[in-house]
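The next block holds one structure in the form of C-alpha cells; read it before the comments.
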Amino acid sequence: MPIAFSTTTASPERVDADLLAVPVYAERELGPGADVVDEALEGELDSFMEDADFSGKVGQTLRVPVTGDIAADSVLLVGVGNADDVTPHTLRRAAAAVARKARKAATLATTLAVAGDDGTTDARAVAEGLVLGSYQFLDYKGDGEPSTLADVVSVGAGGKRVLKALEQGGATAAATCWARDMVNEPAGTLGPKEFVAAAKKLLTGSGVRVTVLEEAQIRKQKLGGLLGVNAGSDEPPRFLKVTYSPKNARGSLALVGKGVTFDSGGLSLKPAKAMEQMKTDMGGAAAVVGAMSALRDAGVRAKVVAYVPLTENMPNGSATRPGDVLTIRNGKTVEVLNTDAEGRLILADALSMAVEDGPDAIVDLATLTGACLVALGEKIAGLMGNNDDVVEQLEAAAERAGEPVWHLPLPDDYRSMLDSEIADLQNIGGQWGGSLTAGLFLEEFVDDVPWAHLDIAGPARANKDDGELVRGGTGFGVRTLVEFASSFRRPARQA
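Residues 26 to 520 in our numbering are what the sequence shown spells out, letter by letter.
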C-alpha cells in the first residue's frame with residue numbers, strides 16, 4: 026500500500042492519528058515531541074523508560090500508555106542515539122523501526138524529521154525509512170497480514186520544501202520496494218518476458234521511453250554474449266532500454282544492470298545449496314529499472330539511459346559449452362571456460378551498446394562474483410572503475426544514500442590472467458582475486474568512457490530484518506543511483 030505524506034506545524038499532542046512516534050536520544054534524553062508525552066504522564070516518562078530498560082539506542086522502540094491530553098490513540102518512543110551524532114542514516118533506521126511497529130495503524134504522526142539538523146535531507150531519509158520498513162512480500166503467504174499504514178504526518182516542520190523532500194524520499198523508497206519485489210519473486214514466474222512486462226507497468230507515466238528487443242532483434246544487434254548465455258534456456262532473452270531525457274539535460278549517464286532471472290550455472294552447474302537464491306541474480310537489473318522510475322520525482326537534470334540484458338542461464342543440450350567462443354557486440358571474442366561466469370558476458374554486450382551512444386559516464390550494477398561476497402561480506406558492495414572522478418561521485422552518493430560501498434582496485438598486473446589461447450580474452454581469471462578480474466573483464470568493453478562498476482553480490486539480499494532492510498531482496502543500489510544521477514557532473518577523461 027502506498028504511503029501519502031503531509032506536514033504540520035501543530036503541537037504533537039494535538040495531531041489526531043492512530044500512532045504518534047517521537048524520538049528519544051541516548052541516555053533517555055527527550056527528543057522533539059517527547060516532552061508532551063512526559064507532561065501527559067506528569068513527569069514520569071523517564072521512570073517508565075528506565076523500568077522498561079529503554080535507553081534510546083538507535084532503532085529501539087517502546088509503547089507508552091496515553092492519556093486524554095494526547096490526541097493520538099497510541100504513542101511510540103523510538104531511539105535515535107546520541108543527540109550530537111544523529112544523521113540521515115540514523116533517522117532512516119529509526120523510521121524503519123517505527124514502520125514495523127505501525128503496521129496495524131492507518132495514520133502515523135511523527136517528529137522524527139526534526140530530530141537532527143539536516144532539514145530536508147532528514148525528512149527524505151525518514152520517508153525512505155518508513156516506506157522501506159513497511160515493506161512486505163506476502164504474495165505466497167496464506168496467513169500474511171499486510172500493513173495498513175497509509176498516511177504519515179511529519180510534525181514540527183512544514184512548508185513545500187519539507188513536503189517535497191518527504192515525497193521524493195517516498196518515491197525513491199517505493200522504487201526500491203519494486204526492485205525488492207522483483208528479486209523476491211520466484212524465477213519460475215519471473216523470466217525475461219515477465220520482467221519486461223513488470224518494468225513497463227512500473228515505468229508508465231514516469232517520463233521515460235521504453236524500448237524492448239526480442240530474440241530476433243537481439244541477433245540482428247549481434248549481442249553474442251547475451252545469446253550465448255541464453256542458449257541453454259527454453260525462455261527467450263530480452264533486452265530492455267529505458268531513456269530519460271529532461272529538457273536542457275546537463276550531461277548524460279548510462280546505467281547497466283545484470284538481468285539473469287535465474288542462474289543455474291549452465292553446464293558448469295552450481296551445487297544445490299548455491300542455487301537456492303539464484304533468483305536474486307537479476308538484482309542489478311531490478312535496481313537500475315527501479316531507479317529509472319524515480320528520476321523525474323527526484324528532479325534529475327541529466328539524461329539517463331538504462332541498458333538491461335535479460336536471460337536465464339540453464340543447462341540443456343544447446344547450452345554454451347566450456348571452451349566455446351562468443352563474439353561480443355563490439356567485436357571482441359571471449360573463450361567461455363566457465364559458464365557460471367555468465368553475468369560479465371551479457372554485461373559486455375550492454376556496455377558495448379552504451380559506449381556507442383556516447384554517454385559522459387557509465388555505471389553498471391551486478392550480482393557478479395562470490396569473491397566479492399567473500400571479501401566484503403553481505404552488507405558492502407565492491408566499487409571499481411577506470412575514472413577517479415566517477416568513482417568518487419558514486420562513492421559519495423552511496424554514502425548519502427546509506428548504501429555502503431568499498432573501493433577496490435583494478436590492477437594492471439592481473440589483466441594477463443584473462444588472456445586466452447584462442448580468443449581475445451577468456452571469461453575467468455585465476456583462483457584468486459575473482460572480483461577484480463571480473464572488473465578487469467568488464468573494463469575491456471567500455472573503451473575510454475568514464476566508468477564505474479558496483480558488484481552487489483553481497484548486499485542484494487538480506488538474511489534478516491536490519492534497519493531499513495527486510496529479509497529477502499534489498500533493492501540495493503536504487504537509492505545510490507538516484508542520488509548519483511541527481512548530483513551528476515561530467516567527469517574529465519583520464520589518460
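Idealized CB from N, CA, C, for every residue including glycine.
Everything numeric in this text was worked out from a predicted model, so none of it was measured.
Between the alpha carbons of G342 and G104 lies a distance of about 57 Å. In this structure the segment 178 to 197 lies against the segment 135 to 149, because at least three pairs of beta carbons, one per stretch, are closer than 8 Å.
In the three-state reduction of the DSSP assignment, D413 falls in the helix class. Taking A422 as the centre and dropping the five residues before and after it, the same chain places the C-beta of T505, E508, F509 and S512 closer than 7 Å to its C-beta, in chain order. Looking at the backbone, the Cα of F79 and that of V156 are separated by about 25 Å.
By the neighbour-count criterion, in which a residue is buried when 16 or more other Cβ atoms sit within 10 angstroms of its Cβ, P171 is exposed. Its Cα nearest to that of L45, the residue A97 stands out among G169, P57, A97 and A29.
Each residue's CA atom was taken as its position, placing E403 and S159 some 22 Å apart. T86 has V103 as its beta-bridge partners, per DSSP. In terms of Cα proximity to C202, the closest of T286, A297, V139 and A312 is A312. Note on geometry: alpha-carbon atoms of G282 and G308 lie some 8 Å from one another.
With respect to the 8 Å criterion, K328 and S270 are classified as neighbours on the basis of their beta carbons. Residue state for N255 is assigned as helix, using DSSP reduced to three classes. Going by C-alpha positions, A77 is about 26 Å away from R39.
The Cβ neighbour count for L163, taken over all protein chains shown within 10 Å, is under 16; the residue is labelled exposed. Two segments are said to touch when three or more pairs of C-beta atoms, one from each, lie closer than 8 Å; by this definition the segment 360 to 380 touches the segment 245 to 265. Using a C-beta cut-off of 8 Å, the segment 126 to 135 makes contact with the segment 166 to 181, since at least three inter-stretch Cβ pairs fall below that distance.
In the three-state reduction of the DSSP assignment, Q451 falls in the strand class, which pools E and B. Across the set K218, F30 and R440, the C-alpha of K218 shows the shortest separation from the C-alpha of P261.
Here DSSP, grouped into helix, strand and coil, assigns E75 to helix. According to DSSP, residue pairing for K266 in a beta bridge involves T236 and Y332.
The three-state secondary structure of S343, taken from DSSP, is coil. In the DSSP annotation of this structure, A279 is not part of any alpha helix (DSSP H); the continuous beta strand (DSSP E) holding it starts and ends at S277 to G282.
Of all alpha-carbon atoms in A400, A199 and T145, the one lying nearest the alpha-carbon of G500 is that of A199. The alpha-carbon separation between A485 and L494 amounts to approximately 10 Å.
Put simply, of V388, L401, D473 and L398 the residue whose alpha carbon is nearest the alpha carbon of G502 is V388.
Between G395 and A482, the CB-CB gap stays under 8 Å. Note on Q242: under 16 other CB atoms within 10 angstroms of its CB, so exposed under the neighbour-count rule. Between the C-alpha atoms of N338 and D206 there is a straight-line separation of about 21 Å. Distances from the CA of T112 to each of D449, N488, R425 and F466 were compared; the closest alpha carbon is that of R425. With respect to the C-alpha of T336, the residue from H432, R275, E367 and E75 having the closest C-alpha is E367. The C-alpha of P436 is placed about 17 Å away from the C-alpha of D473.
For V100, same chain residues with a beta-carbon under 6 Å away, outside a window of 5 residues either side, are L45, V62, V89 and V91 in chain order. Using a 10 angstroms sphere on the CB of I353, the tally of other CB atoms reaches 16 or more, which defines it as buried. Between the segment 231 to 239 and the segment 285 to 292, the count of C-beta pairs closer than 8 Å stays below three; the two stretches do not touch. Counting of Cβ neighbours within 10 angstroms places K304 among the buried residues, the total reaching 16 or more.
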